[in-house]
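Chemist:
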Amino acid sequence: MIKNKAKLYWKENIRYVLILMFIWFIVSFGAGIIFKDALNEFKMGGFKLGFWFAQQGSMYVFVILIFVYVHLMNKLDKKYGYDE
Amino acid sequence: MMNSFLVAGIGVQNWTYILVGITFTLYIGIAIWSRAGSTKEFYVAGGGVSPLANGMATAADWMSAASFISMAGIISFSGYDGAVYLMGWTGGYVLLALLLAPYLRKFGKFTVPDFIGDRYYSNAARLVGVICALIVSFTYVAGQMRGVGLVFSRFLEVDINTGVIIGMIIVLFYAVLGGMKGITYTQVAQYCVLIFAFMVPAIFISIQMTGNPIPQLGFGSQLADGSGTYLLDKLDGLSTDLGFAEYTEGSKSLIDIFAITLALMVGTAGLPHVIVRFFTVKRVKDARKSAGIALLLIAILYTTAPAVAVFARTNMIETVSNKPYSTMPEWFKKWETTGLITFTDKNNDGLIQYVANKDKNELVVDNDIMVLANPEIAKLPDWVIALVAAGALAAALSTAAGLLLVISASVSHDLIKKMINPKISDKNELVAARLSAVVAVCVAGYFGINPPGFVAATVALAFGLAAASFFPAIILGIFYKKMNKEGAISGMVIGILSMLFYMTKFKFGWFGGGTQADWWFGISPEGFGTVAMVLNFVVSIVIMKFTPEPPKSVQDLVENIRIPSNAGEATH
Chain F
134 MIKNKAKLYW KENIRYVLIL MFIWFIVSFG AGIIFKDALN EFKMGGFKLG
184 FWFAQQGSMY VFVILIFVYV HLMNKLDKKY GYDE
Chain Y
2 MMNSFLVAGI GVQNWTYILV GITFTLYIGI AIWSRAGSTK EFYVAGGGVS
52 PLANGMATAA DWMSAASFIS MAGIISFSGY DGAVYLMGWT GGYVLLALLL
102 APYLRKFGKF TVPDFIGDRY YSNAARLVGV ICALIVSFTY VAGQMRGVGL
152 VFSRFLEVDI NTGVIIGMII VLFYAVLGGM KGITYTQVAQ YCVLIFAFMV
202 PAIFISIQMT GNPIPQLGFG SQLADGSGTY LLDKLDGLST DLGFAEYTEG
252 SKSLIDIFAI TLALMVGTAG LPHVIVRFFT VKRVKDARKS AGIALLLIAI
302 LYTTAPAVAV FARTNMIETV SNKPYSTMPE WFKKWETTGL ITFTDKNNDG
352 LIQYVANKDK NELVVDNDIM VLANPEIAKL PDWVIALVAA GALAAALSTA
402 AGLLLVISAS VSHDLIKKMI NPKISDKNEL VAARLSAVVA VCVAGYFGIN
452 PPGFVAATVA LAFGLAAASF FPAIILGIFY KKMNKEGAIS GMVIGILSML
502 FYMTKFKFGW FGGGTQADWW FGISPEGFGT VAMVLNFVVS IVIMKFTPEP
552 PKSVQDLVEN IRIPSNAGEA TH
């Protein structure tokens, strides 16, 4: 029973991690590097969009991702009684 | 009278003495207040640091002389390509928060080799961990000491070696006395100093150039001169006129940008002096949260740096390009004496030709100047210029202290306590920790005064090594229960060796050397950490398939670190 609970908790954790890591990859390696040239066709103020993702946007998203993870995990810990 | 003395007559140098004096007194005061009394306080600050304090300390620990002094300058000269550092050195924190910090905190030991040694139930693994930690940290700390010397010599006009020695004494004082506890609280103060020092000139210059007080928005705004031109468009134009690549385009290949960014991210997540900071908080949830706070605080500087890069580059081109050498402002002459700006009038016309073509270019400007001279170039008040000096010192000293702690813990805890003399008393271990910190400071100082030519090259090596060794071993240790010692050790050894091989081949010309044309898959030595990391993963998994499973107790340990509750306190 306890083993099972730990397994379920771990599975949900891994799911969160995979989703967040996917976004992590898309904003940095995707928007900032691979699709940079395509995104540079668009402009946001004085910024070409690909350039902006590489030197600004990806970093903002990184910060948000960690806080989202903190929030999700605090909720998950509560749900499984692992909070303290 | 008094007023005019304070505002005009006091001068950059006196301002620097005042600000550096105040901040150093503060650091020493904190060190005396937070002396370490036990090994636990010395290694992990007693384990009761709040997430906010740990976040600030981590940010100061992380942001080194390279982040503060060099990074904006490097971006300035490489344009878009500079994004590898911005994304690489921040994206690693996402890996830390999601994949490493919570589990290592739950594991609850003092050092990274501790984890490697226990998880892979082998002192051989521990020893590999110690060697990696020492190489990575020494490489890094030499660069910090050099940064301290540079700032002292330029701003206080003392000899660069005297500067290094002053820096050594300060670090020695609070790292040896306070251990992790002293370091943590001085780093909190140093974060405040360095972020204030970085932001004030950036905000001033942003207002000057674009009228927008927020630098992150300013460098995407129109120029303040009412022309309606966007700053970045103007810089793209200036760059192409002089024969450089467009600033927002860069010149590295896509695969290399990809590889370098990933190597820096993974290397960041594998650096022992960063990881060990997460051992100092109370609970697993605090470890997650302080990773978030740390990145937020780091991102304030990291999102400002590319703005500073654009301001400084535009200002510099406009100040020097095709202007007579005789009319150059005072800062130009001052930096010439340090050898960081050199001008050779190749065509004898008395004008400065600053162009991409190497045969015609007459001006060489070192990366490091862009941040340090930026306030002078923009003609900001003296106290702002002095503030930059105090900030640069805070950045260099905080990182140096964190690294010295990793070095001393590796020796006194991992080598002496865990391998040579397990019966050593807590008191004697503390003495050993302090002694190894003293030795480490002296070695670091020696490298600061006599920098080996390869220091700059080896900073990339530090990240590559961390990426190629620690990162896969820790990740597999947490996420792959069946990973055994045979797999992990062979992975780490092959990872490090392949990284060393590639670096020495292409940086120092060993093993037949080679040029850019010979790079494997077009990947530079800086980006090779990515390849070495993949190699480590593959070797670990293949070897594991042919060797015995880890013992039941180790598999239970892995299940235990996955559950956040009852983290308890960090122990031996």
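So the protein sequences, as listed, match chains F and Y.
Taking this note's numbering, the leading residue of the first sequence gets 134, the next gets one more, and so forth.
Taking this note's numbering, the leading residue of the second sequence gets 2, the next gets one more, and so forth.
Just so it is clear, CB atoms sit at the ideal spot from N, CA and C, and this is done for glycine as well.
Quantities reported herein were computed from a predicted structural model and do not represent experimental measurements.
1. Can you check which of these residues, Y:S327, Y:T339, Y:I166, Y:W332, is closest to Y:L352 by C-alpha distance?
2. Quick check on Y:S426: buried or exposed, where buried means 16 or more other Cβ atoms within 10 Å of its Cβ?
3. Run down chain Y in chain order and give the residues with a C-beta less than 9 angstroms from the C-beta of F:N207.
4. Quick check on Y:R106 - is its C-beta less than 8 angstroms from some C-beta in chain F?
5. Comparing alpha-carbon positions, which option in Y:A396, Y:K482, Y:F512, Y:R563 lies nearest Y:G150?
6. Any C-beta of chain F within less than 8 angstroms: which residues of the region 78 to 89 of chain Y qualify?
7. Going by DSSP in three states, Y:E560 sits in which element: helix, strand or coil?
8. What does F:F168 reach in chain Y if we use C-beta pairs closer than 8 angstroms?
9. Is there a Cβ from chain F that is less than 8 angstroms from the Cβ of Y:G481?
10. In chain Y, which residues lie less than 8 angstroms from F:A187 when you measure between Cβ atoms?
11. Drop a sphere of 10 angstroms on the beta-carbon of Y:I421, count the other beta-carbons inside from all chains shown, and report buried for 16 or more, exposed for fewer.
12. Quick check on F:F155 - is its C-beta less than 8 angstroms from some C-beta in chain Y?
13. Can you check whether the C-beta of Y:G148 is within less than 8 angstroms of a C-beta belonging to chain F?
14. Closer than 6 angstroms by C-beta to F:N146: which residues in its own chain qualify, once you throw out the five before and the five after it? Chain order, please.
15. Below 8 angstroms between beta carbons: does that hold for Y:A295 and Y:G56?
16. Evaluate Y:V543 with the Cβ neighbour count: other Cβ atoms within 10 Å of its Cβ, from every protein chain shown; 16 or more gives buried, anything less gives exposed.
17. For Y:I170, does the count of other Cβ atoms within 10 angstroms reach 16, so buried, or fall short, so exposed?
18. Starting from the C-beta of Y:P114, find all residues in its chain whose C-beta is less than 7 angstroms away, skip the five residues before and the five after it, and write them out in chain order.
19. Given that F:F184 touches chain Y, what residues does it touch there, using C-beta distances under 7 angstroms?
20. Can you tell me where the beta strand (DSSP E) with Y:F344 in it begins and where it stops?
21. Roughly how far, in whole angstroms, is the beta-carbon of Y:L381 from the beta-carbon of Y:P565, given that I think they are within contact range, below 8 angstroms?
22. For a contact defined as C-beta to C-beta under 8 angstroms, what are the partners of Y:Q556 on chain F?
23. With a 10 Å radius around its C-beta and 16 neighbouring C-beta atoms as the bar for buried, classify Y:A357 as buried or exposed.
24. For Y:A575 versus Y:R278, is the C-beta distance shorter than 8 angstroms?
25. At the level of alpha carbons, what is the spacing between Y:I386 and Y:K424?
26. Examine chain Y for any beta-carbon lying closer than 8 angstroms to the beta-carbon of F:K211, and answer yes or no.
27. What separation, rounded to the nearest whole angstrom, lies between the Cα atoms of Y:P214 and Y:E250?
28. Thinking just about the alpha-carbon of each residue, which of Y:E430, Y:G340, Y:A308, Y:K419 is nearest to the one in Y:I206?
29. Expressed to the nearest angstrom, what Euclidean distance is found between the alpha-carbon atoms of Y:G600 and Y:L178?
30. So with CB distances below 9 angstroms, who are the chain F contacts of Y:D234?
31. Going straight from the alpha carbon of Y:G293 to that of Y:F69, what length do you get?
32. Using a cut-off of 7 angstroms between C-beta atoms, extract the partners of Y:A259 located in chain F.
33. Using a Cβ cut-off of 8 angstroms (strictly closer), state whether Y:G221 contacts chain F.
34. Give me the chain Y residues within the contact set of F:A139, using Cβ-Cβ distance strictly less than 8 angstroms, ordered along the chain.
35. Which of the three DSSP states is assigned to Y:K482 in this structure?
36. Within 10 angstroms of the Cβ of F:A171, are there 16 or more other Cβ atoms? Answer buried if so, exposed if not.
Modeler: Looking at the coordinates:
1. With distances taken between Cα atoms, Y:L352 lies closest to Y:S327.
2. It is exposed - the Cβ of Y:S426 has fewer than 16 other Cβ atoms within 10 Å.
3. In chain order: K286, R289, K290.
4. It does not: the Cβ of Y:R106 has no partner Cβ on chain F nearer than 8 angstroms.
5. Of the candidates Y:A396, Y:K482, Y:F512, Y:R563, the one whose C-alpha sits nearest the C-alpha of Y:G150 is Y:A396.
6. From the region 78 to 89 of chain Y, only Y81, G83, A84, L87, M88 have a Cβ closer than 8 angstroms to chain F.
7. When secondary structure is reduced to three states using DSSP, Y:E560 falls in the helix class.
8. What F:F168 touches in chain Y: nothing, since even the nearest Cβ is about 11 angstroms away.
9. Reading the sequence as shown, one finds Tyr at residue 481 of chain Y and not Gly. No, because no Cβ of chain F sits closer than 8 angstroms to the Cβ of Y:Y481.
10. Against chain Y, the beta carbon of F:A187 has neighbours under 8 angstroms at Y81, A84, L87, M88, listed in chain order.
11. Y:I421 should be labelled exposed.
12. Answer no: the Cβ-Cβ gap between F:F155 and chain Y never drops below 8 angstroms.
13. False, the Cβ-Cβ gap to chain F never drops below 8 angstroms.
14. In the same chain as F:N146, and ignoring 5 residues on each side of it, no C-beta atom comes closer than 6 angstroms to its own.
15. The answer is yes: Cβ separation under 8 angstroms.
16. With fewer than 16 other CB atoms across the displayed protein chains lying within 10 angstroms of its CB, Y:V543 is exposed.
17. Flag for Y:I170 reads exposed.
18. Its chain contains R127, G130, V131, A134, S411, D415 as the residues whose beta carbon lies nearer than 7 angstroms to that of Y:P114, once the 5 sequence neighbours on both sides are disregarded; these appear in chain order.
19. By Cβ distance, chain Y contributes Y81, T249.
20. Y:F344 -> beta strand (DSSP E) spans 342 to 344.
21. Contact doesn't hold; Cβ gap of about 48 angstroms is too wide.
22. Chain order gives no chain F residues near Y:Q556, where near means a beta carbon separation below 8 angstroms; the closest approach is about 12 angstroms.
23. Y:A357 is exposed by the Cβ-count criterion.
24. What is shown of chain Y runs 2 to 573, which leaves residue 575 of chain Y out entirely.
25. When rounded, the distance between both Cα atoms is 53 angstroms.
26. F:K211 does not count as touching chain Y.
27. One C-alpha to the other measures close to 26 angstroms.
28. The residue with the shortest Cα to Cα distance from Y:I206 is Y:A308.
29. Examination of residue 600 of chain Y is not possible in this model, given that chain Y is present from 2 through 573 alone.
30. Per Cβ cutoff of 9 angstroms: G179.
31. Y:G293 and Y:F69 have their C-alpha atoms some 21 angstroms from each other.
32. Checking the sequence shown, residue 259 of chain Y turns out to be Phe, not Ala. Contact of Y:F259 with chain F by beta-carbon distance below 7 angstroms involves F162, I166.
33. Chain F contact via Cβ: present.
34. Under the 8 angstroms cutoff, chain Y gives E560, R563, I564.
35. Three-state DSSP puts Y:K482 in coil, outside helix and strand.
36. When all chains shown are included, F:A171 counts as exposed.
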